[in-house]
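The structure appears below as structure tokens.
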Amino acid sequence: MGQNGRLLASVEGRHTSDAGEQFNLGLEYNLRNFFFLRYGYRFNIDEGGLSFGVGFVPPLGKLRLGIDYSFVDWGRLPDVQRVSTSIVF
Numbered sequence: 001m002g003q004n005g006r007l008l009a010s011v012e013g014r015h016t017s018d019a020g021e022q023f024n025l026g027l028e029y030n031l032r033n034f035f036f037l038r039y040g041y042r043f044n045i046d047e048g049g050l051s052f053g054v055g056f057v058p059p060l061g062k063l064r065l066g067i068d069y070s071f072v073d074w075g076r077l078p079d080v081q082r083v084s085t086s087i088v089f
């Protein structure tokens, strides 16, 4: 990915007695600790599966303000969108 970017991958698996095996996959691309691009998918789930998002963390002096947006398909609740903020000090 080079000096300016990093790629983080996450895999989760679980076995439930009522639904069998379920797997989650997530990827995050981090560009200079400023711009984040995220993708996720839930496998073997009855409803939904796809999620994606973006985040920005612009420096503000000693503080860093995080702004995140995400989209999640929850099946019966389609097109769920979230916006969040955070402060890192």
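Per full-length UniProt numbering, the very first residue in the sequence shown carries number 1; after that it's consecutive.
Beta carbons: idealized from backbone N, C-alpha and C, even for Gly.
In whole angstroms, give me the CA-to-CA distance for residue 117 and residue 44.
For the chain, the structure presents residues 1 to 89; residue 117 sits outside this window and is missing.
List the endpoints of the continuous beta strand (DSSP E) containing residue 83.
For residue 83, the uninterrupted beta strand (DSSP E) segment begins and ends at 77–88.
Please report how far the alpha carbon of residue 34 lies from the alpha carbon of residue 51, in whole angstroms.
21 Å
Return yes when the Cβ of residue 41 is within less than 8 Å of the Cβ of residue 53, no when it is not.
no
Jot down the residue ranges of each uninterrupted beta strand (DSSP E) in the segment 26–71, minimum 3 residues, whole runs only, in chain order.
35–43, 50–56
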